[in-house]
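Residues in the sequence shown are numbered from 0 upward in steps of one, following numbering that gives the first Met the number 0. Below is one structure, written out as structure tokens; comments come after it.
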Amino acid sequence: MRSLAVSSLLVASASAFSTAPRSYTGLVSTVSQQQSSLSMLPTNNNNEDSFYPFPSTESSSNFRLDAKPPTSNDEVTDGSADLRQLLGVKGAAGSEDIWKIRLQLTKPVTWIPLVWGVMCGAAASGNYHWIWNPFDPNDRDVMLGLEDTAKGFVAMILAGPFLTGYTQTINDWYDREIDAINEPYRPIPSGAISEGQVIFQIWFLLLGGLGIAYGLDVWAGHDFPTVLALSIFGSWVSYIYSAPPLKLKQNGWAGNYALGCSYISLPWWCGQAVFGELDRPVYFILPILYSIAGLGIAIVNDFKSVEGDRKMGLNSLPVAFGIDGAKYICAGSVTLTQLGVAAYLYSIGETNYAAGLLALLLPQIYFQATLLLPDPVANDVKYQASSQPFFVFGILATALCLGHHDFTA
């Protein structure tokens, strides 16, 4: 049992750097076709559970959340159901504990890449101090190290539980109608949590996150509230990703790049702003390049959903270009952007870091050739689990390089 739980945790951690694929099977409920999407603006309603800009079900469509949750699904019988609920992934155990349900909505497994991004940003600043650095006798100020550790921890709380939790909760809110058809056991369509409770959670996480962001700006002594500005921008991207009328997730290019930016660039900039300055173009260019690679990673999750996406009118890249076209876009965006980053590191004289990045890229190319390109539908999970660890350590290596490089020389 213990080994099974650990295995589930490892798989969930590896897949955290990608979004969950959509499912369109088992359409067993009747949906009104006239108002299938949620209105961005509030309509005439007196529902006390509705708070702008998150209208209640009754105020936004004729759809009724009358799906009956099954007592179990294919994955809750393998011994990992309770762990899956804590992580917020498919196959979670049912629960009446409202705090477990709230945690499940925030999908803690998806916090991991944001926390990693904050760590990379702190490394890129070159100004993060260890509590006691065994490699540098000049970096052993315990009190300064403790303060930086506390700053980093708070920044991770901001990026993970609060703003990623907000993003995941609002995404489930706007997906509740399709979830009532495809995954009726999820917390919102099953009725495990009320609409009013969900809306309260959205606002609490959003406003709480913005408050923490401003507190980090004050703590860092910023004249301009950089962390708050990044948080507002990221929250806005999260909203338009899930909510109509823009609903970026319906468009392959915009939706996938929004994911890449949110998972890589924004947490990097947050971590760097807390400990340093975003005062050079390279601090923006390199994270943006990695976000383009993140676009490619997001494509992997769309392969199995191509038929459902086509039926639902979602213009994912596999729908627009076909599976064969999209798999090359995926591989190309992941590979070419990292080659570009390695070339830049070489150009500024950081040959060791450039060589290390290329060494981390080679296994990714191998897994593309052996898993992704032959059959992206059958091998999507295996490819992600095999390739992404090398990708994320490449991001960290790049950040460490920037933090150690002397740009004034």
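C-beta: ideal position from N, C-alpha, C; glycine also.
Helix, strand or coil at residue i [DSSP, three-state]
| i | result |
| --- | --- |
| H403 | helix |
| N181 | helix |
| N170 | helix |
| N255 | helix |
| N351 | helix |
| E47 | No answer about E47 holds up, because its pLDDT of 45 lies below 50 and its placement is not dependable. |
| R1 | Low local confidence applies: a pLDDT of 43 at R1 is under 50, so the model's placement there is unreliable, with the coordinate-based value given in what follows. Reduced to three states, the DSSP call for R1 is helix. |
C-alpha distance - residue i paired with residue j, whole-angstrom precision
| i | j | result |
| --- | --- | --- |
| L313 | G251 | 8 Å |
| A121 | A212 | 15 Å |
| L157 | Q337 | 28 Å |
| A319 | N137 | 55 Å |
| N132 | S189 | 50 Å |
| L385 | F366 | The question names Leu, but residue 385 is Ser in the sequence shown. When rounded, the distance between both Cα atoms is 7 Å. |
| G210 | I364 | 42 Å |
| L288 | V340 | 8 Å |
| V226 | I177 | 34 Å |
| I263 | K310 | 31 Å |
| C119 | I394 | 7 Å |
| I192 | I97 | 7 Å |
| A342 | M142 | 38 Å |
| P424 | I169 | Beyond the ends of the chain as shown, which are 0 and 408, falls residue 424; an answer cannot be given. |
| L102 | S79 | 16 Å |
| P388 | D135 | 28 Å |
| T334 | L359 | 11 Å |
| G159 | W267 | 13 Å |
| Y127 | E95 | 42 Å |
| L361 | T369 | 12 Å |
| L357 | R139 | 32 Å |
| F283 | E276 | 11 Å |
| T163 | W235 | 12 Å |
| A408 | I347 | 10 Å |
Residue of the options minimising C-alpha distance to residue i
| i | options | result |
| --- | --- | --- |
| N351 | A377, N378, L399 | L399 |
| A272 | G116, V108, W98, P107 | G116 |
| F406 | V281, A368, V217, I198 | V281 |
| S261 | W98, F392, T109, D96 | T109 |
| Q167 | L113, N126, G144 | L113 |
| E146 | R175, W172, L206, A219 | A219 |
| G144 | L356, W129, W172 | W129 |
| W172 | D222, L356, I322, G195 | G195 |
| Y165 | I201, D140, F134, T148 | I201 |
| V197 | T105, G402, T397, L360 | T105 |
| P286 | V217, V391, A408 | V391 |
Residues of its chain near residue i, where Cβ-Cβ distance is below 8 Å and the 5 sequence neighbours each way are ignored
| i | result |
| --- | --- |
| S22 | Low local confidence applies: a pLDDT of 44 at S22 is under 50, so the model's placement there is unreliable, with the coordinate-based value given in what follows. These residues qualify, in order along the chain: N181, E182, S304, G307. |
| L258 | T18, Y240, G293, L294, A297 |
| V299 | S17, C329, L371, P375, D379, Y382, Q383 |
| I322 | F302, V305, P375, V376 |
| G331 | G295 |
| A396 | Y352, G355, L356, L359 |
Chain-order list of residues whose beta-carbon lies under 6 Å from that of residue i (same chain, five-residue window excluded)
| i | result |
| --- | --- |
| V376 | F302, K303 |
| K248 | Y240, G254 |
| Y345 | A353 |
| R175 | I187, P188 |
| G151 | A121 |
| L245 | I239 |
Residues near residue i in its chain [Cβ-Cβ closer than 7 Å; skip 5 each side]
| i | result |
| --- | --- |
| A154 | V117, L215, C269, G270, V273 |
| L419 | Shown here, the chain extends from 0 to 408; a query on residue 419 therefore has no answer. |
| E349 | C400, H404 |
| K326 | L371, L372, P375 |
| F161 | L204, G207, G208, I211 |
| G402 | A122, A123, S124, G125 |
Residue-level contact to chain B via CB, residue i, 8 Å cutoff
| i | result |
| --- | --- |
| I211 | Of the protein chains in the structure, only one exists, and it is not chain B. |
>> Measuring CB atoms only, is the segment 283-302 touching the segment 221-237, in the sense that at least three cross pairs come out at less than 8 Å?
In response: The answer is no - the segment 221-237 does not touch the segment 283-302, with fewer than three Cβ pairs under 8 Å.
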